[in-house]
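Shown next, in structure tokens, is the structure this report addresses.
Residue numbers (UniProt numbering), protein chains in the order written: chain A, 1 to 212; chain B, 1 to 212.
Shown next, in the form of structure tokens:
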């Protein structure tokens with residue numbers, strides 16, 4: 001049995017959760033109460049010294065792992081699914097996963113937090129505007145890469161697609177509007193039409209509605 | 001023959017260049033005049049649509065690749081060097097490489113640019129302070145991970161170490177002081193004592209001194 005420490009608002013956790021779900025593995029979520037500081041607690045530091053979700057525990061193999069992209073790699077290792085068909089395609093999957101970590105999700109996750117989950121009087125306007133500008137470049141790169149293609153790598157959905165979509169289904173505004181980026185928009189629709197796809201707030205416990 | 005499009009100031013290019021150098025492969029740098037806009041040119045977009053260095057071209061295998069971590073993976077594939085000894089160790093190498101892309105180099109590279117290579121009257125003070133705060137958490141995680149260890153994964157140097165050190169040898173100030181982080185400091189000394197190690201400004205063409 002695979003357990004995933006996660007919460008609905010985390011797009012990084014979503015990448016791992018959606019990969020588990022689409023791969024058909026048995027898994028269950030373990031809710032981390034991030035907004036009450038649980039990820040920064042001493043107890044949680046024993047689970048992940050990086051102080052972040054997701055954390056995956058495969059109890060059968062007594063194996064613990066953090067970082068969404070590393071968990072995705074492990075799921076591919078267990079199932080042989082959701083990866084490239086050749087060594088070159090698998091390196092291309094890695095390339096997009098690294099790009100996502102560097103340019104897209106790292107910025108989008110932070111920006112969405114600043115714009116929605118920080119108290120209004122604490123939101124840093126200059127950081128928000130600056131990060132929105134950087135993200136526009138990332139959306140441009142992603143939209144161009146999807147021109148004439150169904151998926152980022154090869155002819156099937158891979159963990160590269162699941163990595164890059166991590167923050168792009170959330171309803172809270174952070175300056176990303178699907179209608180501005182037609183190729184991204186069509187690709188998100190294609191992903192969400194896959195059997196087993198779920199929205200982050202349906203796949204993992206916890207959402208802003210719980211705190212309203 | 002392997003060609004690497006790079007320039008001295010790019011810590012991301014340095015990760016690829018240092019991996020090539022320490023692996024013993026034959027390679028040569030191709031200078032990209034980033035500070036005169038070459039990376040944003042139409043000509044360069046044909047080489048890398050992401051508009052970034054490094055770009056590696058393996059002329060013998062007619063293979064082009066971008067993203068430092070993907071290039072590192074290819075060098076490991078060619079040489080079998082600088083990686084973990086077991087599948088678990090290799091996944092741990094990936095985990096640290098992803099973490100570096102997400103939390104460390106992506107922030108440090110941008111911050112060093114803002115603090116040193118932007119005109120003084122254009123430097124965004126709030127973004128700089130905010131990013132320095134985020135990076136302190138990253139240094140704390142890295143310093144803790146190196147407690148009692150020579151290298152991040154297993155018993156030997158790997159591409160995970162080379163990824164995480166990408167921006168940490170540069171002399172330009174961006175709020176990182178080796179003496180604040182004794183485990184990082186000792187690890188950087190250990191890395192720079194490896195046979196073949198070179199400073200980024202010695203390994204790749206271009207440095208601030210050229211523009212002075």
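Don't be surprised by glycine CBs; every beta carbon is placed ideally from N, CA and C.
Small disclaimer: the values here were computed from a predicted structure and weren't measured.
Taking the beta strand (DSSP E) that residue i belongs to, which residues open and close that run?
i	result
residue 4(A)	2-6
residue 58(B)	55-58
residue 170(B)	Run containing residue 170(B): none; DSSP gives neither H nor E here.
residue 104(B)	Taken as a continuous stretch (DSSP letters only), residue 104(B) belongs to no beta strand (DSSP E), as it is neither H nor E.
Is residue j closer than 8 Å to residue i when the C-beta atoms are compared?
i	j	result
residue 205(A)	residue 29(A)	yes
residue 163(B)	residue 97(B)	yes
residue 134(B)	residue 73(A)	no
residue 131(A)	residue 107(A)	yes
residue 55(A)	residue 14(A)	no
residue 66(B)	residue 95(A)	yes
residue 126(B)	residue 127(A)	yes
residue 184(B)	residue 142(B)	yes
residue 34(A)	residue 115(A)	no
residue 160(A)	residue 93(A)	yes
Within the 8 Å Cβ cut-off, does residue i reach chain D?
i	result
residue 99(A)	The structure shown contains no chain D; its protein chains are A and B.
My guess is that residue i and residue j are in contact by the Cβ rule of under 8 Å, so how many angstroms apart are they, rounded?
i	j	result
residue 111(A)	residue 25(A)	Not a contact, Cβ separation roughly 31 Å.
residue 109(B)	residue 12(B)	6 Å
residue 167(A)	residue 105(A)	6 Å
residue 52(B)	residue 207(B)	Their Cβ separation, rounded to whole angstroms, is 19 Å, which puts residue 52(B) and residue 207(B) out of contact at 8 Å.
Tell me whether residue i sits in a helix, a strand or coil according to DSSP, three-state version.
i	result
residue 191(B)	helix
residue 180(A)	helix
residue 79(A)	helix
residue 149(A)	coil
residue 26(B)	coil
residue 64(B)	strand
Quick check on the DSSP output: the alpha helix (DSSP H) that includes residue i runs from which residue to which?
i	result
residue 134(A)	125-145
residue 201(A)	200-203
residue 95(B)	87-99
residue 42(B)	42-47
residue 20(A)	11-23
residue 211(A)	208-211
Could you tell me whether any Cβ in chain B is nearer than 8 Å to the Cβ of residue i?
i	result
residue 69(A)	yes
residue 106(A)	yes
residue 112(A)	no
residue 66(A)	yes
residue 205(A)	no
residue 149(A)	no
residue 56(A)	no
residue 40(A)	no
residue 50(A)	yes
residue 233(A)	Here chain A covers residues 1 to 212 and nothing more, so residue 233(A) does not appear.
Using a beta-carbon distance below 8 Å, is residue i in contact with chain A?
i	result
residue 10(B)	no
residue 119(B)	no
residue 124(B)	yes
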